[in-house]
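Taking our numbering, the leading residue of the sequence shown gets 285, the next gets one more, and so forth.
Reading through the structure tokens given below for one structure.
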Amino acid sequence: MQEDLITIGELAARTRLSLKALRLYGDRGLLPPARVDPRTGFRRYGVAQVERARRIALLRAAGMPLARIAVVLDAAGGEESVRLLAAYWREQESAHAARREAVGHAREVLTGRSPTVYEIAEREVPEQKVLFVRSQVTAADLPGFLAESGERLFSHLGQTGACLSGPVFAVFEGVVSEDSDGPVEVCAPTWNAVEPAGPIGVRIEPAHREAFTARTKAQMSYAGATAAHDAVGAWLTTHGYVRSASNREVYYPNWATAEPDEHAADIAIPFRPGYNG
Numbered sequence: 285m286q287e288d289l290i291t292i293g294e295l296a297a298r299t300r301l302s303l304k305a306l307r308l309y310g311d312r313g314l315l316p317p318a319r320v321d322p323r324t325g326f327r328r329y330g331v332a333q334v335e336r337a338r339r340i341a342l343l344r345a346a347g348m349p350l351a352r353i354a355v356v357l358d359a360a361g362g363e364e365s366v367r368l369l370a371a372y373w374r375e376q377e378s379a380h381a382a383r384r385e386a387v388g389h390a391r392e393v394l395t396g397r398s399p400t401v402y403e404i405a406e407r408e409v410p411e412q413k414v415l416f417v418r419s420q421v422t423a424a425d426l427p428g429f430l431a432e433s434g435e436r437l438f439s440h441l442g443q444t445g446a447c448l449s450g451p452v453f454a455v456f457e458g459v460v461s462e463d464s465d466g467p468v469e470v471c472a473p474t475w476n477a478v479e480p481a482g483p484i485g486v487r488i489e490p491a492h493r494e495a496f497t498a499r500t501k502a503q504m505s506y507a508g509a510t511a512a513h514d515a516v517g518a519w520l521t522t523h524g525y526v527r528s529a530s531n532r533e534v535y536y537p538n539w540a541t542a543e544p545d546e547h548a549a550d551i552a553i554p555f556r557p558g559y560n561g
């Protein structure tokens, strides 16, 4: 027996969703009509689709993107859908916390105040050979890129019998934000002879002097790291130094397991003396 079908207008009435929204969900494959009249283009929906439409509206009210909603609704079993929803919400809470920090930093900049005190020092960094992976990423993609690149570099080192000769670091060749995509280069220093492989390159990182500030794991949130990058840059300007290479973040071996108040990274900027230095 053929399932009873309802019009898009009836579906809109039952769900309180607009015709525009229903058409959008259909066009995105999230709520495709059960049948479309080939002559008139009129859409018909199954009665069972009313509940799916309501769930879409519920998840949209939570701010979930349509592509993510499809994954949640099509998950095998209600428990898996709930797990995916919880994961999404943790990401949103983390993003909200990062934005709150960013607002605090912006307030300091706008008012000319900087209550956070940064201990900034200088050090010499010798020339070193590095394996690297380079990509253009926004702030949203940065954590995943750093983790995936690190795993890829460690895997290549292991396959070639090479080992690290220093901490892994990331070079930020441009600003990474919601609108700007770097690029970013993740580097793994090694003494051993290694060859490039696929996206993994090999280059020599020149010797340089750099200014740096030590950071705990908790201080390396997006907004916290941004404020520290700004602070080191301002320190260079105050001391009459000139930036000689891109900003970088150095991640120590305890990065993955560090406690929130444990030193796990440095933010550094290579420099040279100014013309009058």
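No residue lacks a Cβ here, since even glycine has one placed at the ideal position from N, Cα and C.
Computed from a predicted structure; not experimentally measured.
My output table needs one value for residue i: the three-state DSSP class, helix, strand or coil.
| i | result |
| --- | --- |
| Met285 | Note on Met285: pLDDT 40, under 50, position unreliable in the model; no value is reported. |
| Pro316 | coil |
| Glu411 | coil |
| Pro557 | strand |
| Ile404 | coil |
| Ala481 | strand |
| Gly310 | helix |
| Arg300 | coil |
| Thr541 | coil |
| Pro427 | helix |
| Leu441 | helix |
| Asp321 | coil |
| Ser433 | helix |
Run through the DSSP bridge pairs and tell me what residue i is partnered with.
| i | result |
| --- | --- |
| Ser419 | Val468 |
| His492 | Val409 |
| His547 | Thr500 |
| Leu448 | Thr474 |
| Arg487 | Val414 |
| Tyr535 | Val452, Ala549 |
| Val460 | Asp465 |
| Arg527 | Phe555 |
| Thr291 | Arg328 |
With a threshold of 8 angstroms between beta-carbons, can residue i be considered close to chain B, or not?
| i | result |
| --- | --- |
| Ile404 | The question asks about chain B, but that chain is absent: this structure has only one protein chain. |
Alpha carbons only, please: which of the options is nearest the one belonging to residue i?
| i | options | result |
| --- | --- | --- |
| Ala351 | Val470, Leu308, Gly558, Arg327 | Leu308 |
| Arg338 | Ala296, Gly362, Tyr372 | Ala296 |
| Arg328 | Glu335, Pro316, Gly508 | Pro316 |
| Arg487 | His513, Met348, Asn476 | Asn476 |
| Tyr506 | Glu335, Gly458, Leu426 | Leu426 |
| Leu448 | Arg300, Tyr535, Glu377 | Tyr535 |
| Val459 | Arg319, His492, Ala424, Thr291 | Ala424 |
| Ala518 | Ser378, Ala549, Phe496, Gln503 | Phe496 |
| Gln333 | Asp321, Ala542, Leu357, Pro349 | Leu357 |
| Gly482 | Phe555, Arg418, Gly445, Ala491 | Arg418 |
| Gly388 | Thr521, Ala511, Gly445 | Ala511 |
| Leu415 | Gly508, Pro480, Glu392 | Pro480 |
| Glu411 | Arg336, Ala491, Leu342 | Ala491 |
| Glu335 | Thr299, Ser439, Pro554 | Thr299 |
| Lys413 | Ser433, Trp373, Val478 | Val478 |
| Ala552 | Asn538, Arg532, Pro537 | Arg532 |
| Asp550 | Ser528, Leu520, Met504, Leu394 | Met504 |
On the premise that residue j lies in contact with residue i, defined as a C-beta separation below 8 angstroms, what is that separation, rounded to the nearest angstrom?
| i | j | result |
| --- | --- | --- |
| Glu546 | Val409 | So it is not a contact: roughly 23 angstroms between Cβ atoms. |
| Gly330 | Leu289 | 6 angstroms |
| Asp465 | Val421 | 6 angstroms |
| Cys471 | Glu489 | 7 angstroms |
| Leu314 | Ile292 | Incorrect: roughly 14 angstroms between the Cβ atoms, too far for contact. |
| Thr474 | Leu430 | That pair is no contact at about 18 angstroms. |
| Pro544 | Ala502 | 4 angstroms |
| Ala454 | Glu469 | 7 angstroms |
Closer than 7 angstroms: is that where the CB of residue i sits relative to any heavy atom of the ligand ZN?
| i | result |
| --- | --- |
| Phe438 | Of the ligands one can find in the structure shown there are none, so the ligand ZN has no counterpart to examine. |
Runs of alpha helix (DSSP H) lying entirely within the region 324–404, each at least 4 residues, in chain order
333–345, 350–357, 362–395
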